[in-house]
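Participant: Chains as they are written, first to last, in the numbering used here: chain P, 1 to 259; chain R, 1001 to 1259. For glycine and all other residues, C-beta sits at the position ideal for the given N, C-alpha and C. Shown below is the structure under consideration.
Number of protein chains: 2
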Amino acid sequence: MYKKLQVQQNNLLAAMPSELLMCLKPHLELKSLSLGQVLAESGGLMRYVYFPTNSIVSLLYVLENGASAEISVIGNDGVVGISQYMGGGSSLNRAVVQSAGQAYCMLSRRLKNEFDRNPVLQDLLLRYAQSLMAQMSQRAVCNRHHTIVQQLCRWLLGELDRLPNNEVKMTQEIISNMLGVRREGVTDAAGKLQQAGIIEYSRGRIRVLDRAKLQAMSCECYAVVKQESDRLLPQVQPCQMALELDSHQAEPWMYSAAR
Amino acid sequence: MYKKLQVQQNNLLAAMPSELLMCLKPHLELKSLSLGQVLAESGGLMRYVYFPTNSIVSLLYVLENGASAEISVIGNDGVVGISQYMGGGSSLNRAVVQSAGQAYCMLSRRLKNEFDRNPVLQDLLLRYAQSLMAQMSQRAVCNRHHTIVQQLCRWLLGELDRLPNNEVKMTQEIISNMLGVRREGVTDAAGKLQQAGIIEYSRGRIRVLDRAKLQAMSCECYAVVKQESDRLLPQVQPCQMALELDSHQAEPWMYSAAR
DNA sequence: GCATCTGTGTGCCATAGCGAACACAAACTT
DNA sequence: AAGTTTGTGTTCGCTATGGCACACAGATGC
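This is how it looks when you write it as structure tokens:
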């Protein structure tokens, strides 16, 4: 019962030289992540780190009053739990599964051990950390200067890059938590995009019809961050696998505290 | 002509065990940084990294249209140029000297070399990188959810922590570039704080009279980030040296592109 | 088939922050 | 001492977004 692991499905894993991968493989396990699952709480320890394949995880910063904002997105391009190898142990961000799917997971401790010993792994993971920082700083400016429509476009593009198809399964309510705006704001923005024929949506399902136009209406942030990520991690490729979605429900409290 | 270096003036340096410090010391040089000096351009390489003592450096993200926002502040608690040891080489942020003073500087390459060889140094610098990330993610939420007054308070507190006295030398125009808001917005907020007897200011000089009240009016962000930094880097202490300010002028273009 | 829940549409008002224009006074220059 | 530059105060209108309340329709369950 030795399962064949298709580690190519995660770009960080795929970018590792085979000796290194041999080292890690015995410790990797493919797990299913369900929608809304919380992989890490703000300030909490993580026993495991996760390399998503077809799942998507959001790092959220949740304020005392329950308001929130997405700080970065992690899909098949990255790993959830960088504070585990950076040495801090925990971070201020909550990690929530935003799109159900699978991820290779591994004991944090093992990754840290290997990280400390292997310069190649170190370089790779630190570059990834840097690309996360690029995302974070972009969020800060974007939140300050760009409109909801622009941000929705940027956000959708980020999702598309991490999904096998052009269909984002997400209610406007949840999107609003990601963007840190009102649900009505999202309804409004999504309405505009739909009228422009760029997307088509109904009840928790957004289909992107015209990616080019979406990019045109997005703020510069998407392109800038994408380019920086590509620079830092040359091998990133679009996700090609089939997507299996659970029908698990996300509880509101997973995204924001009680109001 | 061997100058005695008071490396305790920078907390990262001060936190290093003495063997390590012995290693680095020959390569450290104390330099004066003048107001508005650009230490790193977005996407540009850095020949040197800087450990500020009594100077303060801002990391800014500047948009295509010239609008900007401060992503994080670096004073005697940190180092400018983390992308140099993280392996990315450059970052998306511009590093601008915001408060003139001095910094220990060192060839990036040397720091990277030592970083790769010395686990203690590595741990220290990676923890610092993590505390920067905490700052960044806080900025993102703060920009989204908090008022200008709250943010001004938070920002002033951050400055105070890195200054030897309670006087921030900075025009409202420049502060507005940091917060990513209009100058008038800052005038307004500062006016309110002055009326409340919390600060006192005139023409590029803000004196903080009541730090406690300032903290009370600030958003939670200040405290959260401070606490996280303290957790990650236990030894941080307030800056005690005398501050020598140059009278160099900052040109507007250092903060934001031509409009 | 009926009740219920959940996701979306809409309208109304309040307000924070933007853009622009301009007045004024402190500081610097000569 | 006079002119110039620089930093701040103020005003007016505008827009994006927030808060709230509620209607409505697709989905789900009994």
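Going along the chain, which unbroken runs of the beta strand (DSSP E) with 3 or more residues stay wholly within the stretch 159-229 of chain P?
Facilitator: Scanning the stretch 159-229 of chain P from its first residue to its last, the whole beta strand (DSSP E) runs of 3-plus residues come out as 199-201, 206-208.
Participant: What are the partner residues of Glu1041(R), as DSSP defines its beta bridges?
Facilitator: As a first step, residue 1041(R) must be located in the second sequence, where it is residue number 41. DSSP lists no partner for Glu1041(R).
Participant: Thinking Tyr201(P) and Ala212(P) are a contact (beta carbons under 8 angstroms), I'd like their distance in whole angstroms, please.
Facilitator: Indexing the first sequence from 1 puts residue 201(P) at position 201. Indexing the first sequence from 1 puts residue 212(P) at position 212. With a Cβ gap of about 18 angstroms, Tyr201(P) and Ala212(P) do not count as contacting.
Participant: Quick check on Ser1180(R) - is its C-beta less than 8 angstroms from some C-beta in chain P?
Facilitator: Counted from its first residue, the second sequence places residue 1180(R) at position 180. The sequence shown places Gly at residue 1180(R), not Ser. Yes, Gly1180(R) counts as interfacial toward chain P.
Participant: Report, in whole angstroms, the separation of the C-beta atoms of Ile1056(R) and Ser1108(R), which I expect to be a contact under 8 angstroms.
Facilitator: Locating residue 1056(R) in the second sequence gives position 56, counting from the first residue. Locating residue 1108(R) in the second sequence gives position 108, counting from the first residue. Contact doesn't hold; Cβ gap of about 20 angstroms is too wide.
Participant: Measuring only the C-alpha atoms, how far is Ile71(P) from Gln1084(R)?
Facilitator: Against the first sequence, residue 71(P) aligns to sequence position 71. Against the second sequence, residue 1084(R) aligns to sequence position 84. Those two C-alpha atoms are separated by around 23 angstroms.
Participant: Quick one: what's got a C-beta closer than 8 angstroms to Pro17(P)'s C-beta in the same chain, skipping five residues either side?
Facilitator: Numbered from its first residue, the first sequence carries residue 17(P) at position 17. Result list for Pro17(P): Val120, in chain order.
Participant: Between the Cα of Val1225(R) and those of Asn93(P), Gly66(P), Met46(P), Leu12(P), spot the shortest distance and give me the residue it belongs to.
Facilitator: Taking the second sequence and counting its residues from 1, the one referred to as residue 1225(R) is at position 225. When each option's Cα is compared against that of Val1225(R), the closest is Asn93(P).
Participant: Taking 8 angstroms as the threshold (C-beta atoms), are Ala95(P) and Ala40(P) in contact?
Facilitator: Mapped onto the first sequence, residue 40(P) falls at position 40. Mapped onto the first sequence, residue 95(P) falls at position 95. For Ala40(P) and Ala95(P), yes; Cβs fall inside 8 angstroms.
Participant: Might you give, ordered along the chain, the residues of its own chain that have their beta carbon closer than 7 angstroms to the beta carbon of Arg127(P), omitting 5 neighbours on each side?
Facilitator: As a working mapping, residue 127(P) is identified with position 127 in the first sequence. So the list reads Leu232, Leu233, once near-sequence residues are dropped.
Participant: Residues of chain P with a CB under 8 angstroms from the CB of Ala1069(R): which are they?
Facilitator: For this step, residue 1069(R) is matched to residue 69 along the second sequence. The answer, in chain order, is Ala140, Val141, Arg144, His145.
Participant: My understanding is that Gly101(P) touches Asn54(P), with C-beta atoms under 8 angstroms, so please give their C-beta distance in whole angstroms.
Facilitator: Here residue 101(P) refers to the residue found at position 101 when the first sequence is read from its first residue. Here residue 54(P) refers to the residue found at position 54 when the first sequence is read from its first residue. The Cβ separation is near 4 angstroms, so the contact holds.
Participant: Cα-Cα, which of Gly1088(R), Gly1158(R), Arg1110(R) is closest to Leu1024(R)?
Facilitator: For the purposes of this step, residue 1024(R) is taken as residue 24 along the second sequence, with counting starting at 1. Checked all of Gly1088(R), Gly1158(R), Arg1110(R); the closest Cα to Leu1024(R) is Arg1110(R).
Participant: Can you have a look at Ala216(P) and say buried or exposed, based on whether 16 or more other CB atoms are within 10 angstroms of its CB?
Facilitator: Reading the first sequence from its first residue, position 216 is the one you call residue 216(P). Ala216(P) sits exposed, since fewer than 16 C-beta atoms from the chains shown fall within 10 Å of its C-beta.
Participant: With Glu114(P) as the anchor, note down where its alpha helix (DSSP H) starts and where it stops.
Facilitator: Within the first sequence, the letter at position 114 stands for residue 114(P). Where Glu114(P) is concerned, the enclosing alpha helix (DSSP H) stretches over 108-117.
Participant: Cutting at 7 angstroms between CB atoms, please list the residues of its own chain near Gln6(P), excluding the five before and the five after it.
Facilitator: As a position in the first sequence, residue 6(P) is number 6, starting the count at 1. Cβ within range, chain order: n/a, list empty.
Participant: How would you list, in chain order, the residues of chain R whose beta-carbon sits under 8 angstroms from the beta-carbon of Val276(P)?
Facilitator: Given a span of 1 to 259 for chain P in the structure shown, any question on residue 276(P) remains unanswerable.
Participant: Between Pro1119(R) and chain P, is any beta-carbon pair separated by less than 8 angstroms?
Facilitator: Working through the second sequence from its first residue, we reach residue 1119(R) at position 119. Closer than 8 angstroms: yes.
Participant: Using a Cβ-Cβ distance cut-off of 8 angstroms, determine whether Arg110(P) contacts chain R.
Facilitator: Counted from its first residue, the first sequence places residue 110(P) at position 110. Not an interface residue.
Participant: Please determine, among Leu193(P), Ala134(P), Gln37(P), Lys169(P), the residue with the shortest C-alpha to C-alpha distance to Gln227(P).
Facilitator: Looking up residue 227(P) in the first sequence gives position 227. Comparing Cα positions, the closest option is Ala134(P).
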